[in-house]
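*Asks:* After the structure tokens below, expect a handful of questions from me.
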Amino acid sequence: MELHKLTLKQAAEFSKANPQNAKELFNALKARAKAIDSKVKAYLSLIEKEPSFETKGILAGVPISIKDNICIEGCETTCGSKILKGYVPPYDATVIKKLKAAGAFIVGKCNMDEFAFGSSNESSAFGPVHNPWDLTRVPGGSSGGSAASVAADEAIAALGSDTGGSIRQPASFCSAVGIKPTYGRVSRYGLVAFGSSLDQIGPITKTVEDAAILLGVIAGHDPHDSTSANLPVPDYTKSLVKDVKGLKIGLPKEYFVKGLDPDVEQAVRKAVKIYQDLGAKIVEISLPHTSYAVHIYYIVATAEASSNLGRFDGVRYGFRAQSSNLSDMYLKTRDEGFGAEAKRRILLGTFVLSAGYYDAYYLRGLKARTLLKQDFEKAFEQVDLILSPTAPTPPFKLGEKVDDPISMYLSDIYTISANLAGVPAISIPGGFSKELLPIGIQLMAKPFAEETIFRAAYAFEQATDFHKKKPTL
Amino acid sequence: MAEEFNIDALAALSRIRLEPAEKAKLAKDLEKILGYVKELAALDTKNVEPTTHALPLENVFRPDEVKPSKVRDQVLDHAPKREGSFFKVPKVIEREE
Numbered sequence: 001m002e003l004h005k006l007t008l009k010q011a012a013e014f015s016k017a018n019p020q021n022a023k024e025l026f027n028a029l030k031a032r033a034k035a036i037d038s039k040v041k042a043y044l045s046l047i048e049k050e051p052s053f054e055t056k057g058i059l060a061g062v063p064i065s066i067k068d069n070i071c072i073e074g075c076e077t078t079c080g081s082k083i084l085k086g087y088v089p090p091y092d093a094t095v096i097k098k099l100k101a102a103g104a105f106i107v108g109k110c111n112m113d114e115f116a117f118g119s120s121n122e123s124s125a126f127g128p129v130h131n132p133w134d135l136t137r138v139p140g141g142s143s144g145g146s147a148a149s150v151a152a153d154e155a156i157a158a159l160g161s162d163t164g165g166s167i168r169q170p171a172s173f174c175s176a177v178g179i180k181p182t183y184g185r186v187s188r189y190g191l192v193a194f195g196s197s198l199d200q201i202g203p204i205t206k207t208v209e210d211a212a213i214l215l216g217v218i219a220g221h222d223p224h225d226s227t228s229a230n231l232p233v234p235d236y237t238k239s240l241v242k243d244v245k246g247l248k249i250g251l252p253k254e255y256f257v258k259g260l261d262p263d264v265e266q267a268v269r270k271a272v273k274i275y276q277d278l279g280a281k282i283v284e285i286s287l288p289h290t291s292y293a294v295h296i297y298y299i300v301a302t303a304e305a306s307s308n309l310g311r312f313d314g315v316r317y318g319f320r321a322q323s324s325n326l327s328d329m330y331l332k333t334r335d336e337g338f339g340a341e342a343k344r345r346i347l348l349g350t351f352v353l354s355a356g357y358y359d360a361y362y363l364r365g366l367k368a369r370t371l372l373k374q375d376f377e378k379a380f381e382q383v384d385l386i387l388s389p390t391a392p393t394p395p396f397k398l399g400e401k402v403d404d405p406i407s408m409y410l411s412d413i414y415t416i417s418a419n420l421a422g423v424p425a426i427s428i429p430g431g432f433s434k435e436l437l438p439i440g441i442q443l444m445a446k447p448f449a450e451e452t453i454f455r456a457a458y459a460f461e462q463a464t465d466f467h468k469k470k471p472t473l
Numbered sequence: 001m002a003e004e005f006n007i008d009a010l011a012a013l014s015r016i017r018l019e020p021a022e023k024a025k026l027a028k029d030l031e032k033i034l035g036y037v038k039e040l041a042a043l044d045t046k047n048v049e050p051t052t053h054a055l056p057l058e059n060v061f062r063p064d065e066v067k068p069s070k071v072r073d074q075v076l077d078h079a080p081k082r083e084g085s086f087f088k089v090p091k092v093i094e095r096e097e
């Protein structure tokens with residue numbers, strides 16, 4: 001048996017059978033990464049020291065990979081940035097505590113766009129990740145390392161974070177399952193903040209079942225995160241039934257417009273047909289403010305990012321540039337420590353918040369966000385789920401969009417709204433383009449209706465075999 | 001657009017020094033992005049309440065209790081420079097020559 005190919009569910013069963021098996025699994029994944037990661041570059045670091053393998057818990061002896069913006073005690077956390085090089089957190093993020101309490105162990109830290117700013121993983125200070133399906137293409141971003149490691153069987157399952165699509169878009173580009181939970185569903189304590197009103201941590205996995213298991217482990221209220229919701233966590237695996245009869249699925253007419261790749265559109269239309277055949281009811285809906293989503297996002301997200309990144313000043317952690325006085329130290333540290341995209345977003349966020357422009361940009365953005373959120377509230381009075389493409393195109397070439405920030409930002413056009421509205425959304429494998437590149441299908445539901453998402457995602461997965469296809473490396 | 005922002009003032013507000021070549025490129029990028037974002041002005045937002053959070057969140061309180069924390073030394077340990085129980089930084093005020 002090739003152990004690196006196991007799903008999370010299978011790995012849990014394998015490790016439970018014999019305590020020695022977890023160690024074998026750990027070594028198998030390290031060997032797999034050693035063999036192929038020089039090509040994929042999904043990992044920034046692998047755990048060298050053998051972890052202690054738990055025998056109790058639903059994830060006993062299961063290896064998980066972690067995006068490098070989530071803190072693990074004693075383990076370097078760089079956020080893909082030079083400015084955090086050498087930062088070793090003195091504590092575990094809540095999601096890490098929960099994983100460990102469930103018996104899981106950590107195998108490595110996954111590459112990412114610098115501070116999660118990007119849709120291609122090319123803004124990482126440590127070099128881009130390569131898409132396992134075609135090494136000349138991007139894996140998506142910003143959780144590109146997490147998605148690529150799962151797709152390339154270098155990880156059993158991974159955690160990513162999603163501020164505007166950073167779990168779903170790379171899942172789509174790599175043919176993995178990725179879910180952004182409802183805002184407040186998962187604690188962000190120990191996640192390096194990017195856009196605090198948008199960020200969520202979520203699983204990237206090989207199957208829908210794995211995502212349901214993993215989300216069940218990491219979700220829940222946390223006194224350390226005042227934005228985490230104080231609501232019980234359902235057993236998501238109970239939603240894994242092959243039955244969508246009676247579910248109403250909405251198709252937003254504003255999503256099928258210019259810019260949507262014909263292969264992607266075809267995959268979505270095929271998904272619609274599959275759901276119809278399974279007994280779901282398809283309804284055309286309208287989300288009238290869709291064309292403003294990217295505008296709103298690049299005001300709100302950069303404003304929040306510029307505030308959150310104020311803390312990187314060379315005083316308390318990470319990198320400090322040599323200088324003779326304090327003000328110079330700030331200026332030089334932030335110049336040498338941040339990459340181009342981080343600077344772009346800090347400057348833009350500072351601008352939209354600055355005196356004289358606040359009302360015209362930031363406040364207008366927040367008001368427009370209300371309108372966009374109301375679109376979703378109205379839609380969910382009509383339907384249980386919204387089906388759409390995850391990304392407008394299959395994975396693009398490395399370097400293709402680096403010099404054109406707006407075209408890069410537009411690759412998140414279908415994912416951004418879920419963050420602005422706070423609703424949960426999943427990307428599942430939805431087929432392949434003519435060039436055999438992965439295409440993802442997105443399902444969105446109302447806040448805290450992850451169970452409906454899992455039910456529909458599972459039914460689709462079981463009716464298709466896209467998730468069984470693997471890249472050849 | 002160009003008259004709307006001053007890249008030097010913005011860089012100073014953001015506490016980032018920018019090399020001349022990078023500054024020119026970033027100014028051009030920002031001009032483009034702001035030009036795009038500005039399309040939002042077409043949307044009527046009169047009488048619309050701003051949304052700062054996706055969910056209706058209320059202030060969360062907890063009792064103000066002292067709890068043991070062992071992290072102080074660990075936190076100071078990974079500072080670029082420390083002295084005793086303090087973060088150490090370069091001179092703040094320079095003497096006039």
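Protein chains in written order, with the numbering used here: chain A, 1 to 473; chain B, 1 to 97.
Cβ coordinates follow ideal geometry from the N, Cα and C atoms, glycine included.
Note that the coordinates shown come from a computational prediction; the quantities given were computed from them, not determined experimentally.
1. At 4 residues or longer, what runs of the alpha helix (DSSP H) sit wholly inside the region 212-289 of chain A?
2. Does the beta-carbon distance from B:LYS81 to B:VAL71 come in below 9 Å?
3. With C-beta atoms as the reference, is A:ALA211 less than 9 Å away from A:PRO139?
4. Using a Cβ-Cβ distance under 9 Å, would B:LYS67 count as near chain A?
5. Excluding the five sequence neighbours on either side, which residues of its own chain have a C-beta within less than 7 Å of the C-beta of A:TYR236, listed in chain order?
6. With DSSP as the reference, label A:ILE96 as helix, strand or coil.
7. 9 Å is my cut-off, CB to CB: does B:SER14 come that close to chain A?
8. Whole angstroms is fine: what's the gap from B:VAL92's alpha carbon to A:HIS130's?
9. Just how far apart, CA to CA, sit A:ALA151 and A:SER196?
10. Would you call the CB atoms of A:ALA102 and A:PRO63 closer than 9 Å?
11. Between the region 390-403 of chain A and the region 134-148 of chain A, do three or more beta carbon pairs fall short of 8 Å?
12. So which residues on chain B does A:ILE299 lean against when the C-beta distance must stay under 8 Å?
13. Tell me the DSSP secondary structure of A:LEU443 in three-state form.
14. So is A:ARG269 buried or exposed if we call it buried at 16+ other beta carbons inside 10 Å?
15. Looking at chain B, is there any beta carbon in it that lies within less than 9 Å of the beta carbon of A:VAL423?
16. How about A:GLN442 and A:PRO405: are their beta carbons less than 9 Å apart?
17. From B:LEU76 to A:ALA267, what distance separates their C-alpha atoms?
18. In the structure shown, what three-state DSSP assignment does A:ILE156 receive?
19. Bridge partners for A:ILE66 per DSSP, in chain order?
20. With A:VAL192 and B:PHE87 assumed to form a contact (beta carbons below 8 Å), what rounded beta-carbon distance in angstroms separates them?
21. Run through chain A and tell me which residues come within less than 9 Å of B:PHE87, C-beta to C-beta.
22. How about A:PRO181 and A:ALA155: are their beta carbons less than 9 Å apart?
23. Taking just the CA atoms, how far does A:ASN27 sit from A:ASP37?
*Replies:* The relevant details are as follows:
1. 262-277
2. no
3. no
4. no
5. ALA212, LEU215, GLY216, GLU450, GLU451, PHE454
6. helix
7. yes
8. Approximately 45 Å between the Cα atoms of the pair.
9. A straight-line Cα-Cα distance of about 29 Å links A:ALA151 and A:SER196.
10. no
11. Contact between the region 390-403 of chain A and the region 134-148 of chain A is established, with three or more Cβ pairs separated by less than 8 Å.
12. VAL37, LEU40
13. strand
14. exposed
15. It does; some Cβ of chain B falls within 9 Å.
16. No; because the gap between Cβ atoms is not below 9 Å, this pair is not in contact.
17. Cα-Cα distance, rounded: 53 Å.
18. coil
19. A:LYS109, A:LEU159
20. The pair is not a contact, with the Cβ atoms about 19 Å apart (cut-off 8 Å).
21. VAL315, ARG316
22. No, the Cβ-Cβ distance between A:PRO181 and A:ALA155 is not below 9 Å.
23. 15 Å
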